[in-house]
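Chemist:
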Amino acid sequence: MAVEIEMRARFDKETHDQLVALLMEKAEDLGQDDKHIYFFVLPDQLLKVTDNKSAGTAKITLKNSKIGQGSAFGETEFPIAQQDVAAAVEVFNALGFQEAMHEAFNFRRNFNFKGIEIAVKWSEAWGYHAEFERLLTDDATAAAKDEAVAEITDVADELGVTLMTEDELAAFTAAFEAAEQARKEADQSPAEIH
Amino acid sequence: MSTTRTDSLVELAARKQLPYHQFTDVATVEWIKANRPDFPPAWPPPLRPTTKALVERAAIPTRWLAEPKLADSIHGHRHGLRTAVLAALLADWRGWDERMTATAVIAAAVHDCQRHHDRDDQGHGARAAVWLAANAELVWSHFGLSPHTRRVVQAATAVRLHEVPYDAFSAVDQVDYARASRVCDLVKVADALDRYRLPKLSWWPDGQFVREPAFEQLKPLAYDLVVTSEAAFLAGASSAEAVAFAVAEKGLV
Chain A
33 MAVEIEMRAR FDKETHDQLV ALLMEKAEDL GQDDKHIYFF VLPDQLLKVT DNKSAGTAKI
93 TLKNSKIGQG SAFGETEFPI AQQDVAAAVE VFNALGFQEA MHEAFNFRRN FNFKGIEIAV
153 KWSEAWGYHA EFERLLTDDA TAAAKDEAVA EITDVADELG VTLMTEDELA AFTAAFEAAE
213 QARKEADQSP AEIH
Chain B
69 MSTTRTDSLV ELAARKQLPY HQFTDVATVE WIKANRPDFP PAWPPPLRPT TKALVERAAI
129 PTRWLAEPKL ADSIHGHRHG LRTAVLAALL ADWRGWDERM TATAVIAAAV HDCQRHHDRD
189 DQGHGARAAV WLAANAELVW SHFGLSPHTR RVVQAATAVR LHEVPYDAFS AVDQVDYARA
249 SRVCDLVKVA DALDRYRLPK LSWWPDGQFV REPAFEQLKP LAYDLVVTSE AAFLAGASSA
309 EAVAFAVAEK GLV
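For the record, the sequence lines run as chains A and B. Going from the first sequence to our numbering is simple: count from 1 and add 32. Going from the second sequence to our numbering is simple: count from 1 and add 68.
Put into structure tokens, the structure is as follows:
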């Protein structure tokens, strides 16, 4: 299992445009990477089926921690055929995860800057945001993880981006999950009159 | 291989062969981009916080549609949402109060919800007006509001008259219009501005059919909302996500 050190930032349209302009100038542009993601938010894990719309591929990912529970995520991932995304989602729903499922489209462009992968994204729930990521081997030491966090923080500082704290991430995801639950309950409201 | 699956809406429109259910395609969006009018500088459109909240709730459930096949068609969710956004902008522009703004945004959001198809579906406005009056509690609750009879009548009137040109108003239409003229005018303008999605230049927004002095100023924004959201939908976003993205890209929220 690889370990992903992942940190995030949310910002407005103006900051987004400035960040993209800066990255286009200073970083390696890895291109557009739009994704349609089906999330299954489990008590202590996050299961995802990802349809990589731009790349024409797909994958299933299990993260052993949720957003807001630390920046180090153990991650198990394997590719599936893009045409099998619907079947994979159907299987997980049939296994009882339907209540925990939500989906989102992410407009995403990837960059590599000083060894950090930066994904600049927009989704309906998160708005404009960015994910800063370093992938480590599963035997990475605590010191190596701390070093990766420090590198990401330095890169974000250099780019003028304020990273979210764990508390901010936890509060944001909790609010999102509550809103999503309320939306699902509203969907159960009485049918209209014809 | 069928004709409707391979030919773009632009090609089909030129041949007067548009089908009952019309879905946009890459060639049509490229055609819209290639025909960008020579706009004046765009009008900067800040939305008030309460209006933003209305816009965020303007995506209506597919089960409200008379014909679910139209959910992603040229009269489906993206059109309804963009019309609601434009109505919200216009209401803010005119300094309307929150209730009046909500009346216009709700009318705009549902104005085409009882369409049966994407062609000249006569009477779809009247059907949607009856539907809205019967489902006022459901619809206003969706927007986090309570329906008041006067506002419901105004919204339903605007929905009924949105498909009737001013010069074709009957005596009854005139009486109804007199009771809700401001909301009617605004919904007609918002609906007309979203005509950039249509696959023929002669069908694009034309100020002579509406009553809005700022019509020309609103065109660039309306055009950009169409281009960005239609491209986003073709990239894989849902209709609601596509319009939300376009709204964010224009800095409206």
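Backbone N, C-alpha and C define an ideal beta-carbon position, used for all residues, glycine too. The structure presented is a predicted model; accordingly, all values stated were derived computationally and were not measured.
(1) Just the chain B side, please: which residues come within less than 7 Å of GLY159 of chain A by C-beta, in chain order?
(2) Take THR71 of chain B and list the residues in its own chain whose beta-carbon comes closer than 7 Å to its own, dropping the five residues that flank it on each side.
(3) Looking at chain B, which residues of the segment 130-153 of chain A have a Cβ within less than 7 Å of any of its Cβ atoms?
(4) How long is the line joining the alpha carbons of ALA157 of chain A and PHE208 of chain A, rounded to whole angstroms?
(5) Can you list, in chain order, the residues of its chain with a C-beta nearer than 8 Å to that of GLU60 of chain A? Leave out the 5 residues immediately preceding and following it.
(6) Where does ALA172 of chain B land, buried or exposed, given buried means 16+ other C-beta within 10 angstroms?
(7) Rounding to the nearest angstrom, what Cα-Cα distance links ILE37 of chain A and ASP189 of chain A in this structure?
(8) Over what stretch of residues does the beta strand (DSSP E) that includes ASP61 of chain A continue unbroken?
(9) Taking only beta carbons into account, state which residues of the segment 274-296 of chain B come closer than 8 Å to chain A, listed in chain order.
(10) Within the continuous beta strand (DSSP E) that includes ARG40 of chain A, where are the two ends?
(11) Taking Cβ positions only, does ALA218 of chain A come closer than 9 Å to chain B?
(12) Starting from SER155 of chain A, trace the alpha helix (DSSP H) both ways and give me its first and last residue.
(13) My output table needs one value for ILE112 of chain A: the three-state DSSP class, helix, strand or coil.
(14) Out of B:ARG218, B:ASP188, B:HIS185 and B:ALA303, which one is the CA nearest neighbour of VAL94 of chain B?
(15) Just how far apart, CA to CA, sit LEU80 of chain B and PHE91 of chain B?
(16) Pull out every residue of the segment 52-75 of chain A whose Cβ sits closer than 9 Å to any Cβ of chain B, in chain order.
(17) Specify, as a first and last residue, the run of the alpha helix (DSSP H) that HIS210 of chain B falls within.
(18) Counting pairs of Cβ atoms below 8 Å between the segment 147-157 of chain B and the segment 289-300 of chain B, do you hit three or more?
(19) Our contact map puts LEU320 of chain B next to LEU115 of chain B with C-beta atoms below 8 Å; I'd like the distance itself, whole angstroms only.
Modeler: Judging by the given coordinates:
(1) ALA316
(2) For THR71 of chain B, the predicted model reports a pLDDT of 43, less than 50, meaning its position is unreliable and no value from the coordinates is stated.
(3) PHE137 and PHE139
(4) Take the alpha-carbon of ALA157 of chain A and the one of PHE208 of chain A: they are about 7 Å apart.
(5) PHE143, ASN144 and PHE145
(6) Under this definition ALA172 of chain B is a buried residue.
(7) 17 Å
(8) 60-64
(9) Within the segment 274-296 of chain B, no residue has its Cβ closer than 8 Å to any Cβ of chain A.
(10) 34-43
(11) yes
(12) Here SER155 of chain A belongs to no alpha helix (DSSP H); instead the beta strand (DSSP E) covers 148-155.
(13) Strand.
(14) B:ALA303
(15) 12 Å
(16) GLN64, ASP66, LYS67 and HIS68
(17) 204-210
(18) yes
(19) About 5 Å; that satisfies the 8 Å criterion.
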